[in-house]
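There are 2 protein chains.
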Amino acid sequence: MEPKKNTSALNERDGVTQPETLSTQVAKSIQQFRRKTISSDELISKILKGDKVALSRAITLIESTNPTHLSKANEVINGCLPHANNSIRIGITGVPGVGKSTFIEAFGKHLTSLGKKVAVLAIDPSSSLSHGSILGDKTRMEELVKDENAYIRPSASGDSLGGVARKTREAIILCEACGFDTIIIETVGVGQSETAVHSMVDFFLLLKIAGAGDELQGIKRGIMEMADAIVINKADGDNIRKANLAKVEFNRALHLFPLKNSGWNPKVTTCSAITKEGIASIWNTINEYEILTKSNDYFNHRREEQNQYWMLETINEQLKNQFYNHPEIIKALEITKQKVLTHQISPFTGAIELLELYKKL
Amino acid sequence: MEPKKNTSALNERDGVTQPETLSTQVAKSIQQFRRKTISSDELISKILKGDKVALSRAITLIESTNPTHLSKANEVINGCLPHANNSIRIGITGVPGVGKSTFIEAFGKHLTSLGKKVAVLAIDPSSSLSHGSILGDKTRMEELVKDENAYIRPSASGDSLGGVARKTREAIILCEACGFDTIIIETVGVGQSETAVHSMVDFFLLLKIAGAGDELQGIKRGIMEMADAIVINKADGDNIRKANLAKVEFNRALHLFPLKNSGWNPKVTTCSAITKEGIASIWNTINEYEILTKSNDYFNHRREEQNQYWMLETINEQLKNQFYNHPEIIKALEITKQKVLTHQISPFTGAIELLELYKKL
Numbered sequence: 001m002e003p004k005k006n007t008s009a010l011n012e013r014d015g016v017t018q019p020e021t022l023s024t025q026v027a028k029s030i031q032q033f034r035r036k037t038i039s040s041d042e043l044i045s046k047i048l049k050g051d052k053v054a055l056s057r058a059i060t061l062i063e064s065t066n067p068t069h070l071s072k073a074n075e076v077i078n079g080c081l082p083h084a085n086n087s088i089r090i091g092i093t094g095v096p097g098v099g100k101s102t103f104i105e106a107f108g109k110h111l112t113s114l115g116k117k118v119a120v121l122a123i124d125p126s127s128s129l130s131h132g133s134i135l136g137d138k139t140r141m142e143e144l145v146k147d148e149n150a151y152i153r154p155s156a157s158g159d160s161l162g163g164v165a166r167k168t169r170e171a172i173i174l175c176e177a178c179g180f181d182t183i184i185i186e187t188v189g190v191g192q193s194e195t196a197v198h199s200m201v202d203f204f205l206l207l208k209i210a211g212a213g214d215e216l217q218g219i220k221r222g223i224m225e226m227a228d229a230i231v232i233n234k235a236d237g238d239n240i241r242k243a244n245l246a247k248v249e250f251n252r253a254l255h256l257f258p259l260k261n262s263g264w265n266p267k268v269t270t271c272s273a274i275t276k277e278g279i280a281s282i283w284n285t286i287n288e289y290e291i292l293t294k295s296n297d298y299f300n301h302r303r304e305e306q307n308q309y310w311m312l313e314t315i316n317e318q319l320k321n322q323f324y325n326h327p328e329i330i331k332a333l334e335i336t337k338q339k340v341l342t343h344q345i346s347p348f349t350g351a352i353e354l355l356e357l358y359k360k361l
Numbered sequence: 001m002e003p004k005k006n007t008s009a010l011n012e013r014d015g016v017t018q019p020e021t022l023s024t025q026v027a028k029s030i031q032q033f034r035r036k037t038i039s040s041d042e043l044i045s046k047i048l049k050g051d052k053v054a055l056s057r058a059i060t061l062i063e064s065t066n067p068t069h070l071s072k073a074n075e076v077i078n079g080c081l082p083h084a085n086n087s088i089r090i091g092i093t094g095v096p097g098v099g100k101s102t103f104i105e106a107f108g109k110h111l112t113s114l115g116k117k118v119a120v121l122a123i124d125p126s127s128s129l130s131h132g133s134i135l136g137d138k139t140r141m142e143e144l145v146k147d148e149n150a151y152i153r154p155s156a157s158g159d160s161l162g163g164v165a166r167k168t169r170e171a172i173i174l175c176e177a178c179g180f181d182t183i184i185i186e187t188v189g190v191g192q193s194e195t196a197v198h199s200m201v202d203f204f205l206l207l208k209i210a211g212a213g214d215e216l217q218g219i220k221r222g223i224m225e226m227a228d229a230i231v232i233n234k235a236d237g238d239n240i241r242k243a244n245l246a247k248v249e250f251n252r253a254l255h256l257f258p259l260k261n262s263g264w265n266p267k268v269t270t271c272s273a274i275t276k277e278g279i280a281s282i283w284n285t286i287n288e289y290e291i292l293t294k295s296n297d298y299f300n301h302r303r304e305e306q307n308q309y310w311m312l313e314t315i316n317e318q319l320k321n322q323f324y325n326h327p328e329i330i331k332a333l334e335i336t337k338q339k340v341l342t343h344q345i346s347p348f349t350g351a352i353e354l355l356e357l358y359k360k361l
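From first to last, the protein sequence lines are chains A and B. Quick note, in UniProt numbering, the first sequence goes up one by one and the last residue is 361. Quick note, in UniProt numbering, the second sequence goes up one by one and the last residue is 361.
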């Protein structure tokens, strides 16, 4: 069937077929909803009732770069805050090609079949360039997107990882207030985005596949160290033997790392997002982790640490934004750069000059 | 011989035997020099004449946390700047145990034997805790420390890697103005300090040893990618075969990385700091690198990029320092942290409140 040409603003990207769930009727009601401004109190009360449209709208508010939206976004977040925090937050990373979407689809469906409410968010710092390479095309999770107990939201876009991550971090609060008890944060296995995801989740899952060049990525010490579980995906058909070998390897590698503060011993398992083999046991592992870390109080302690971390990160991010976006600084920076380039002043003096100018503004 | 108990301020640390070079006479002249204040013009003119005592004093000025020293430090740096830049800057990293000090001693002696003037600096972000675990004990480089064409300076200490790195970066300028044509920056192979060193050198050398657990560290992708040469140290005696095997492995691993912007093909070599085998050829490699990157203009282009980078890094560092060291912010931060901890406000709102307070101060 040829997709109907749709010129509405809901049709965010050319070339992407609208998901079937977006019927004309729903589209119309969303449009009407968007047209009318809504108070933060109304938004909060709808979110607390589990209204996914209100949730989406509030997340859009958080993501907005329009400064007038900032105070309203804050009101909504603070209104939701007392109702948040009751969830397990799971980070999932893996290099492209490892089958993250298929895995999350299978894993998410398993959770909703157990009566869980699952929200899937993403952090993709490259999304401002690629317009969302992960979760951008929601139809990659065909089943989950139609599930009424699931909510899928692509990565916010932004200039900096810090900004993108901060927005996702706030979206978690809203999803929890909306009744989602299992929050999955997906990220792509390149760059610093894993560290950002790790700093906002309770459980960090590293998705791998056996073979081909993967050894190199596998022994990326920093990410291995963060993992609470390593799951070797695509363990089906001819791949099963290789996956089991990889499992032995990773188990050995993990033993080289010191014991975690959580007291948790990271697990290595295999699974197939296609045959569903091993999917249920991953959820059991996460449950075991939750029981352990709640009994030894690591769970809450870590969430408190994460809150502190995010407050400081936001401050650091905003200090820079305010400086570099100041029109006088934008002008002066160009001149100073030139002076440094021509060795008239040292980079350090250039910095001091700009900082002194900034103080006077 | 029992070292004489020395109570002068020159005896910076207990338990460290004074290097033999520090004769009573020299000590006295340094003390006299230190007692009298010296203008920045005098300091600059002495540095330009190759005076190592003046150089040390200027570096101490840079490292000072006393705000009144800041403008004088800036004067000295800017006065030295036109005479800096004529050197090759070499970064050397490797995990503890790889034999960095012994290697730098052998390599540095080789360079001075060729008529080079060698300055060895260090970046050790842990130095404020350990009081300088690398280069802290200068006697580890017994020969080089006595060489009149060498200058060795331990890592600055500081709260943050950014601060420590910035000070080393400025020290490079002073060393160059003082006539040192080969600058070696040592760092320890843990954490983010390699990235800092990489951002201030022309050539980045990764020191390794063959065998035992090293595979894991070796395939730390980020650092491998930065390396312009991988040198397998301790290739002597029974180790030679293992070192040659490791060489083959690393060569293979390097081929997986994309071509560098410099056009340079990273080299893998073996060496022994004890037998001196392979030391001379490392210097030849660095010369080849310099010729290539000066002919394709990458050398200067990269130094300019590094200057820009360091200006922005300094700004970012200072923006944070000014904020977090403000007495009103120190007080308010504690209260806000408590409100975030008790879920009264979100981390984001806490950040915004503090930033708004800061604007009014």
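Here a beta-carbon is modelled for each residue, glycine too, at the ideal position from N, C-alpha and C.
N-terminal and C-terminal residue of the alpha helix (DSSP H) that residue i is part of
i: residue 263(B); result: That residue, residue 263(B), is in no alpha helix (DSSP H); it is neither H nor E in DSSP.
i: residue 105(B); result: 100 to 113
i: residue 250(A); result: 240 to 254
i: residue 197(B); result: 193 to 198
i: residue 73(A); result: 68 to 80
i: residue 61(A); result: 52 to 63
i: residue 37(B); result: Per DSSP, residue 37(B) belongs to no alpha helix (DSSP H) and is neither H nor E.
i: residue 165(A); result: 161 to 177
Own chain, CB closer than 8 angstroms to residue i, minus 5 neighbours either side, in chain order
i: residue 72(A); result: 40 and 61
i: residue 77(B); result: 62, 170, 173 and 174
i: residue 278(A); result: 231, 235, 269, 270, 271 and 272
i: residue 219(B); result: Residue placement at residue 219(B) is flagged as unreliable, the pLDDT there being 47, under the threshold of 50; the coordinate-derived value follows with that caveat. Correct list, in chain order: 253.
Same chain, Cβ closer than 6 angstroms to residue i, five either side skipped, listed in chain order
i: residue 254(B); result: 266
i: residue 375(B); result: Residue 375(B) lies beyond the residue range present for chain B, which begins at 1 and ends at 361; the question has no answer from this structure.
i: residue 89(A); result: 183, 201 and 202
i: residue 129(A); result: For residue 129(A), the predicted model reports a pLDDT of 41, less than 50, meaning its position is unreliable; a value from the coordinates is still stated below. Same-chain partners within the cutoff: there are none.
Contact set for residue i: own chain, Cβ-Cβ below 7 angstroms, skip 5 residues either direction
i: residue 314(A); result: 166
i: residue 96(B); result: 188
i: residue 101(B); result: 140 and 141
i: residue 332(A); result: 354 and 357
Chain-ordered chain B contacts of residue i [CB-CB under 9 angstroms]
i: residue 259(A); result: Simply none; closest approach about 17 angstroms.
i: residue 81(A); result: 343, 344, 345, 346 and 349
i: residue 323(A); result: 315, 316 and 319
Proximal residues of chain C, C-beta to C-beta of residue i below 7 angstroms
i: residue 250(B); result: Absent here is chain C; the protein component of the structure consists of chains A and B.
Local Cβ density within 10 Å of residue i, reported as buried at 16 or more and exposed below that
i: residue 124(B); result: buried
i: residue 330(B); result: exposed
i: residue 347(A); result: buried
i: residue 87(B); result: buried
i: residue 198(B); result: buried
i: residue 318(B); result: buried
i: residue 222(B); result: exposed
i: residue 294(A); result: exposed
i: residue 121(A); result: buried
i: residue 157(A); result: buried
i: residue 248(B); result: exposed
i: residue 356(A); result: exposed
i: residue 238(A); result: exposed
i: residue 15(A); result: Residue confidence is low: residue 15(A) scores 46 on pLDDT, short of 50, so the model does not pin down where it sits. Its coordinate-derived value is still stated next. Result: exposed.
i: residue 74(A); result: buried
Residue i: first and last residue of the uninterrupted beta strand (DSSP E) it sits in
i: residue 233(A); result: 229 to 233
i: residue 118(B); result: 118 to 123
i: residue 329(B); result: Premise fails: residue 329(B) lies in the alpha helix (DSSP H), 327 to 341, not in any beta strand (DSSP E).
i: residue 350(B); result: Segment 347 to 360 is the alpha helix (DSSP H) holding residue 350(B); no beta strand (DSSP E) there.
i: residue 89(B); result: 88 to 94
i: residue 204(B); result: 203 to 209
Chain-ordered neighbours of residue i on chain B, where CB pairs are closer than 7 angstroms
i: residue 351(A); result: 311, 314, 315 and 318
Contact set between residue i and chain A, taken where Cβ atoms lie within less than 9 angstroms
i: residue 192(B); result: The premise fails here: residue 192(B) is roughly 10 angstroms from chain A at the closest Cβ pair, so nothing lies under 9 angstroms.
Closer than 8 angstroms at the beta carbon, the chain A residues around residue i
i: residue 166(B); result: 348
i: residue 340(B); result: 307, 308 and 311
i: residue 77(B); result: 346, 348 and 349
i: residue 170(B); result: 346 and 348
i: residue 304(B); result: 341
Rounded Cβ spacing between residue i and residue j (contact assumed at less than 8 angstroms)
i: residue 194(A); j: residue 226(A); result: 7 angstroms
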